Amino acid sequence: MAKSLQDKVIVVTGAGRGIGREIALLCAAEGAKVVVNDPGVAADGAGSSAAPAEEVVEEIKKRGGTAVPNFESVAEAIPASKIVKTATDHFGRLDGVVNNAGILRDMIFHKMSVEAFEAVIKVHLMGSFYVSHAAARLFREQESGSFVHFTSTSGLIGNFGQANYAAAKLGIVGLSKSIALDMGRFNVRSNCVSPFAWTRMIGTIPTETEAEKARVEKIKQMGPEKIAPMCAFLLSDAAKDVSGQIFGVRMNEIFLFSQNRPLRSVQRSEGWTPQTIAEHAMPALKGSFYKLDRSADIFPWDPV
Numbered sequence: 002m003a004k005s006l007q008d009k010v011i012v013v014t015g016a017g018r019g020i021g022r023e024i025a026l027l028c029a030a031e032g033a034k035v036v037v038n039d040p041g042v043a044a045d046g047a048g049s050s051a052a053p054a055e056e057v058v059e060e061i062k063k064r065g066g067t068a069v070p071n072f073e074s075v076a077e078a079i080p081a082s083k084i085v086k087t088a089t090d091h092f093g094r095l096d097g098v099v100n101n102a103g104i105l106r107d108m109i110f111h112k113m114s115v116e117a118f119e120a121v122i123k124v125h126l127m128g129s130f131y132v133s134h135a136a137a138r139l140f141r142e143q144e145s146g147s148f149v150h151f152t153s154t155s156g157l158i159g160n161f162g163q164a165n166y167a168a169a170k171l172g173i174v175g176l177s178k179s180i181a182l183d184m185g186r187f188n189v190r191s192n193c194v195s196p197f198a199w200t201r202m203i204g205t206i207p208t209e210t211e212a213e214k215a216r217v218e219k220i221k222q223m224g225p226e227k228i229a230p231m232c233a234f235l236l237s238d239a240a241k242d243v244s245g246q247i248f249g250v251r252m253n254e255i256f257l258f259s260q261n262r263p264l265r266s267v268q269r270s271e272g273w274t275p276q277t278i279a280e281h282a283m284p285a286l287k288g289s290f291y292k293l294d295r296s297a298d299i300f301p302w303d304p305v
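Numbered according to our numbering, the sequence shown spans residues 2 to 305.
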């Protein structure tokens, strides 16, 4: 069977563990040359270690694939650009970027520190921008390329204690759509994946009540390897007509997510006052309000 990524060069950030590791392994198995980026930090971004990236590279080589490690952080522009440079220095080109790197600093909003908010934004949102921006000029010149960014139902739907993470992940949706719009003329694609999988980061979910423990046990059934095939597909030429979309992957389910569009409208020819908005507009619109749902409210069934 032909390999879907034969001879393509792919960067995967945060590829030392979890979902990123599985993406790197599958891309290599599908014939890609892979830059395995991971600074080896803890789930909250502390510390560093070369071991996670090096171990994934060794695993890829053991399976007959081609890969090189990179240990830069995505959270600053110059180090992030060096991730892209690693691809061109070793392999002479770049065909795809997977913006998977992330950290968590969960805290209920009124207790969340400025530092915790900024740190998560830097890694997720700014990191996705920095790496994508460094790759964009290459993609423009060769008139091809694919970006796969990671979003989350924490941003798309909602969750407790994750204002920093949700803001970053919804920002990534806007970033991806803008890249898709701006670079479509150069045959460059950009899509988002919202993963449901048990990883080191999800391991920070509290398990104090029986309901929380049951929820975590369900999530544990969803291995990170289930996310990788969709990412490999989006990086391949088979996805040449797929751009600007948001996909969810939940064990053996694939979802296409909706995107913001007007639901209802009201108008008054004489214009609005605060009073007429209260009397007319809100009662007319209220039936279409979204509830303050969490991800678990929208996906209550067991993984299949």
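A virtual CB, placed ideally from N, CA and C, is assigned to each residue, including glycine. Because the structure is a prediction, the values reported are computed rather than measured.
Is the beta carbon of residue j closer than 8 angstroms to that of residue i?
{"i": "Asp45", "j": "Ile104", "result": "yes"}
{"i": "Ser244", "j": "Asn192", "result": "yes"}
{"i": "Val132", "j": "Val69", "result": "no"}
{"i": "Met231", "j": "Val194", "result": "yes"}
{"i": "Ala16", "j": "Asn101", "result": "yes"}
{"i": "Asn71", "j": "Val36", "result": "yes"}
{"i": "Leu6", "j": "Ser270", "result": "no"}
Leaving out five residues on either side along the sequence, give the residues of the same chain with a beta carbon under 8 angstroms from the beta carbon of residue i.
{"i": "Leu171", "result": "Thr152, Gly156, Leu157"}
{"i": "Gly48", "result": "Gly41, Val42"}
{"i": "Asp8", "result": "Gly32, Ala33, Lys34"}
{"i": "Ala136", "result": "Val12, Val85, Leu95, Val98, Gly146, Phe148"}
So, at 6 angstroms on beta carbons, what are the nonlocal neighbours of residue i in its own chain, with the 5 sequence-adjacent residues on each side left out?
{"i": "Ala229", "result": "Glu23, Ile24, Leu27"}
{"i": "Ala282", "result": "Val267"}
{"i": "Arg190", "result": "Ser147, Ser244"}
Should residue i be labelled buried (16 or more other beta-carbon atoms within 10 Å of its own) or exposed?
{"i": "Pro301", "result": "exposed"}
{"i": "Glu280", "result": "exposed"}
{"i": "Tyr166", "result": "buried"}
{"i": "Lys62", "result": "exposed"}
{"i": "Val305", "result": "exposed"}
{"i": "Pro196", "result": "buried"}
{"i": "Ser276", "result": "Per the sequence shown, the amino acid found at residue 276 is Gln instead of Ser. Per the 10 Å Cβ criterion, exposed."}
{"i": "Phe92", "result": "buried"}
{"i": "Gly66", "result": "buried"}
{"i": "Asp242", "result": "exposed"}
{"i": "Lys292", "result": "exposed"}
{"i": "Asp307", "result": "Nothing about residue 307 can be read from this structure; the chain reaches only from 2 to 305."}
{"i": "Thr14", "result": "buried"}
{"i": "Ala120", "result": "buried"}
{"i": "Lys227", "result": "buried"}
{"i": "Pro284", "result": "exposed"}
{"i": "Val115", "result": "exposed"}
{"i": "Ala29", "result": "buried"}
{"i": "Thr87", "result": "buried"}
Throw me the rounded Cβ distance for the residue i and residue j pair, which I believe falls under 8 angstroms.
{"i": "Ala169", "j": "Leu126", "result": "4 angstroms"}
{"i": "Thr154", "j": "Ser296", "result": "4 angstroms"}
{"i": "Phe110", "j": "Arg141", "result": "Not a contact, Cβ separation roughly 39 angstroms."}
{"i": "Ser179", "j": "His150", "result": "Going by Cβ atoms, the distance from Ser179 to His150 rounds to 11 angstroms, so no, they are not a contact pair."}
Grab me the residues of residue i's own chain with a C-beta within less than 7 angstroms of its C-beta, minus the 5 sequence neighbours each way, in chain order.
{"i": "Glu73", "result": "Asn38, Pro40, Pro80, Ala81, Lys83, Ile84"}
{"i": "Gly162", "result": "Asp107, Met108, Ile109"}
{"i": "Ser289", "result": "Leu264, Arg265"}
{"i": "Val250", "result": "Val194, Pro196, Phe197, Lys227, Ile228, Met231"}
{"i": "Asn160", "result": "Ala167, Arg295, Ser296"}
Let me know the beta strand (DSSP E) ranges lying completely inside the stretch 95 to 179, each 3 residues or longer, listed in chain order.
Within the stretch 95 to 179, the complete beta strand (DSSP E) runs of at least 3 residues are 97 to 100, 146 to 151.
Write down every uninterrupted run of the alpha helix (DSSP H) in the stretch 17 to 60 whose length is 4 residues or greater and which is fully enclosed by it, in chain order.
Qualifying alpha helix (DSSP H) stretches, in chain order: 19 to 30.
If we require 3 or more residues per run, which beta strand (DSSP E) segments fall completely within the stretch 220 to 294?
Taking only runs of at least 3 residues, the beta strand (DSSP E) segments lying wholly in the stretch 220 to 294 are 247 to 251, 254 to 257.
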